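A.B. asks: Have a look at this one.
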């Protein structure tokens, strides 16, 4: 696959992951007018499939480019404010992905490599203030997606997650202060988990396909925090208006590339007492892995009941659907649009599905509660 986008657009406007030539020709026909510039180029990048994406915010106090030689103070430094691991895989806009501080699945050596490289980038770019780096990690190898020598949308979340007002400190650094003068010489790694979740306006636009991708679609964000990572995820879902169910029927339908991860997700749901519903291909696949599910008809088969009927009757508690085709006119698009209209929680990536299964298991134990932000940082 390749990632294609017009030049000079913001928020991933008209950016799309393209898997074959027919899809590329369709893209070129509809997206060429997304930029306001006549004759703008279309950028084509290799797409790194099934990679983990990370954001790292850095604060630094180096002398900016163009300063006189020797302008750096002896105590100049770059500090990592936070490492944000995205729960959705790379390819979904960073503004739409749920993300967590600290990282929840990256090996410690990879996390340290990302932090070290981010500090070196800040020094090489002579950053004075804040900088954001977006990384992708696949098979232990790290890739730079982009570097922005400025504050990012992640800074308010990082400040709340770490208990440090990084924006306030960065403003003082940009005005001439050194981090050492401000008493900021050590990085902060919180002992609890904070998860940012995006909020979407799909309920206001009936019939729109809700699949996430490189084009940003969220209109807000919220946060969940807890000592336990799965509970923090569940709290973030509650805050975003997508409360995870603790019982009921779950419909599973995933693309071919996600089938390998499906048995663990389905087994976890069944073990918790959910009734898992699948269509024929998924039903057979899970049966081969020893997971018993309930067979339902595909929408295009015309038989009843199908997933649309079950949603309209209020029988589905959750849908896990990773897309093979997008668009409101497809069967998958109809499924997702009906879920929005009927208020059925929906998960559209396998990474989020795996975390959601852990979250429902943690919620069912019932040993969680609520704390204020101040209680997480009693000494600050």
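Numbering (my numbering), first residue to last: 53 to 432.
By construction, the Cβ of each residue, glycine as well, lies at the ideal position given by its N, Cα and C atoms.
The structure presented is a predicted model; accordingly, all values stated were derived computationally and were not measured.
(1) By Cβ distance below 6 Å, which residues in the same chain neighbour residue 112 in space, the five residues on each side in sequence not counted?
(2) At what residues does the beta strand (DSSP E) containing residue 218 begin and finish?
(3) DSSP three-state call for residue 303: helix, strand or coil?
(4) Spatial neighbours of residue 363 within its chain, please: C-beta separation below 7 Å, excluding the five flanking residues on both sides.
(5) For a test of the three-state rule: what should DSSP assign to residue 276, helix, strand or coil?
(6) Any idea if residue 140 is buried or exposed, counting beta-carbon neighbours within 10 angstroms, 16 or more meaning buried?
(7) With a 10 Å radius around its C-beta and 16 neighbouring C-beta atoms as the bar for buried, classify residue 73 as buried or exposed.
(8) Entirely within the stretch 356-428 and at least 4 residues each: give me those alpha helix (DSSP H) ranges in chain order.
(9) Please name the residue, chosen from 187, 244, 270 and 404, that lies closest to residue 215 on a Cα-to-Cα basis.
(10) Determine, for residue 266, whether the minimum Cβ-Cβ distance to residues of chain D falls below 8 Å.
(11) Can you give me the C-alpha to C-alpha distance between residue 229 and residue 407, rounded to a whole angstrom?
(12) Where do the N-terminal and C-terminal ends of the beta strand (DSSP E) with residue 188 fall, by residue?
(13) Expressed to the nearest angstrom, what Euclidean distance is found between the alpha-carbon atoms of residue 100 and residue 186?
(14) Per DSSP, what kind of secondary structure is residue 113 in: helix, strand or coil?
(15) Thinking just about the alpha-carbon of each residue, which of 320, 300, 371 and 327 is nearest to the one in residue 414?
(16) Once DSSP output is grouped into helix, strand and coil, what is the label at residue 170?
(17) Check whether the stretch 282-294 touches the stretch 306-321, counting contact only when three or more Cβ pairs, one atom from each stretch, lie closer than 8 Å.
(18) Sort out for me which residues DSSP pairs residue 161 with in a bridge.
(19) How would you call residue 295, buried or exposed, if buried means at least 16 neighbouring beta carbons within 10 angstroms?
(20) Within the continuous alpha helix (DSSP H) that includes residue 211, where are the two ends?
(21) Could you give the first and the last residue of the continuous alpha helix (DSSP H) run that contains residue 337?
(22) Can you say whether residue 305 is buried or exposed, counting buried as having 16 or more other CB atoms within 10 angstroms of its CB?
(23) Is the beta carbon of residue 158 closer than 8 Å to that of residue 104?
(24) Tell me the residue span of the beta strand (DSSP E) that contains residue 198.
(25) Going by the beta-carbon positions, is the gap between residue 372 and residue 405 smaller than 8 Å?
(26) One question on the structure: do residue 97 and residue 146 come within less than 8 Å of each other, judged by their Cβ atoms?
(27) Taking the beta carbon of residue 71 as the centre, do at least 16 other beta carbons fall within 10 Å, making it buried, or is it exposed?
(28) Taking only the alpha-carbon atoms, compute the straight-line gap between residue 203 and residue 182 and give it to the nearest angstrom.
(29) Secondary structure at residue 15, three-state DSSP: helix, strand or coil?
(30) Looking at C-alpha atoms only, which residue of 144, 425, 114 and 135 is the closest neighbour of residue 176?
(31) Hey, out of 345, 421, 249 and 342, whose CA is closest to residue 399's CA?
(32) Taking the alpha carbon of residue 327 as the point to measure from, which residue in 351, 300, 315 and 314 has its own alpha carbon closest?
(33) Just confirm the distance between the C-beta atoms of residue 451 and residue 233, as a whole number of angstroms; I'd bet it's less than 8 Å.
(34) Just how far apart, CA to CA, sit residue 331 and residue 221?
(35) Is it true that the CB of residue 189 sits closer than 8 Å to the CB of residue 162?
(36) Are residue 236 and residue 219 closer than 8 Å when you measure CB to CB?
C.D. replies: From the atom records:
(1) Working through the chain shown from its first residue, we reach residue 112 at position 60. Hits under 6 Å: 130, 174 and 179.
(2) In the chain shown, counting from the first residue as 1, residue 218 sits at position 166. Run containing residue 218: none in the beta strand (DSSP E); it sits in the alpha helix (DSSP H), 218-226.
(3) For the purposes of this step, residue 303 is taken as residue 251 along the chain shown, with counting starting at 1. Per DSSP, reduced to three states, the secondary structure at residue 303 is strand.
(4) Residue 363 sits at position 311 when you count from the first residue of the chain shown. 390, 391, 394 and 396.
(5) The count along the chain shown starts at 1 and reaches residue 276 at position 224. In this structure, residue 276 counts as strand in the three-state DSSP scheme.
(6) The residue you call residue 140 lines up with position 88 of the chain shown. Buried.
(7) For the purposes of this step, residue 73 is taken as the residue at position 21 of the chain shown. That one is exposed.
(8) At a cut-off of 4 residues, the continuous stretches assigned as alpha helix (DSSP H) that sit fully inside the stretch 356-428 are 359-364, 383-393, 402-417 and 425-428.
(9) Within the chain shown, numbered from 1, the residue matching residue 215 stands at position 163. The residue with the shortest Cα to Cα distance from residue 215 is 244.
(10) Protein chains in the displayed structure number just one, and chain D is not present.
(11) On the chain shown, position 177 is the one that residue 229 refers to. On the chain shown, position 355 is the one that residue 407 refers to. Roughly 42 Å separates the two Cα atoms.
(12) By 1-based counting over the chain shown, the position of residue 188 is 136. Unbroken beta strand (DSSP E) run through residue 188: 180-190.
(13) Along the chain shown, one-based indexing puts residue 100 at 48. Along the chain shown, one-based indexing puts residue 186 at 134. Roughly 14 Å separates the two Cα atoms.
(14) Locating residue 113 in the chain shown gives position 61, where the first residue counts as 1. Here residue 113 sits in strand by DSSP.
(15) As a first step, residue 414 must be located in the chain shown, where it is residue number 362. It is 320.
(16) As a first step, residue 170 must be located in the chain shown, where it is residue number 118. Here residue 170 sits in helix by DSSP.
(17) no
(18) Numbered from 1 along the chain shown, position 109 holds the residue referred to as residue 161. Per DSSP, none; premise fails for residue 161.
(19) Here residue 295 refers to the residue found at position 243 when the chain shown is read from its first residue. Exposed, because fewer than 16 other Cβ atoms sit within 10 Å of the Cβ of residue 295.
(20) Numbered from 1 along the chain shown, position 159 holds the residue referred to as residue 211. Counting along the chain, the alpha helix (DSSP H) containing residue 211 begins and ends at 207-214.
(21) Mapped onto the chain shown, residue 337 falls at position 285. Residue 337 -> alpha helix (DSSP H) spans 332-340.
(22) Stepping through the chain shown from its first residue, residue 305 is reached at position 253. The residue in question, residue 305, is buried, as its Cβ has 16 or more Cβ neighbours within 10 Å.
(23) Position 52 of the chain shown, counted from the first residue, corresponds to residue 104. Position 106 of the chain shown, counted from the first residue, corresponds to residue 158. Contact flag set, yes.
(24) Counting from one through the chain shown, the residue named residue 198 turns up at place 146. Element bounds for residue 198: 193-200.
(25) Position 320 of the chain shown holds residue 372. Position 353 of the chain shown holds residue 405. It is a contact, given that the beta carbons lie within the stated cut-off.
(26) Looking up residue 97 in the chain shown gives position 45. Looking up residue 146 in the chain shown gives position 94. Not closer than 8 Å, so no.
(27) Translated into the one-based positions of the chain shown, residue 71 becomes position 19. By the Cβ neighbour-count rule, residue 71 is exposed, with fewer than 16 other Cβ atoms within 10 Å of its own.
(28) For the purposes of this step, residue 203 is identified with residue 151 of the chain shown, where counting begins at 1. For the purposes of this step, residue 182 is identified with residue 130 of the chain shown, where counting begins at 1. CA-CA distance, residue 203 to residue 182, rounds to 5 Å.
(29) The question about residue 15 has no answer here: the residues shown for the chain are numbered 53 through 432.
(30) For this step, residue 176 is matched to residue 124 along the chain shown. The candidate whose alpha carbon is nearest that of residue 176 is 114.
(31) Counting from 1 along the chain shown, the entry for residue 399 is found at position 347. With distances taken between Cα atoms, residue 399 lies closest to 249.
(32) For the purposes of this step, residue 327 is taken as the residue at position 275 of the chain shown. Of the listed residues, the one whose Cα sits closest to residue 327 is 300.
(33) Because the chain is modelled from 53 through 432, residue 451 falls outside the range shown and cannot be assessed.
(34) Here residue 331 is taken as the residue at index 279 of the chain shown, counted from 1. Here residue 221 is taken as the residue at index 169 of the chain shown, counted from 1. Going from the Cα of residue 331 to the Cα of residue 221 covers about 54 Å.
(35) Taking the first residue of the chain shown as 1, we reach residue 162 at position 110. Taking the first residue of the chain shown as 1, we reach residue 189 at position 137. Yes, Cβ-Cβ distance for residue 162 and residue 189 is below 8 Å.
(36) Stepping through the chain shown from its first residue, residue 236 is reached at position 184. Stepping through the chain shown from its first residue, residue 219 is reached at position 167. Going by C-beta atoms, residue 236 is not nearer than 8 Å to residue 219.
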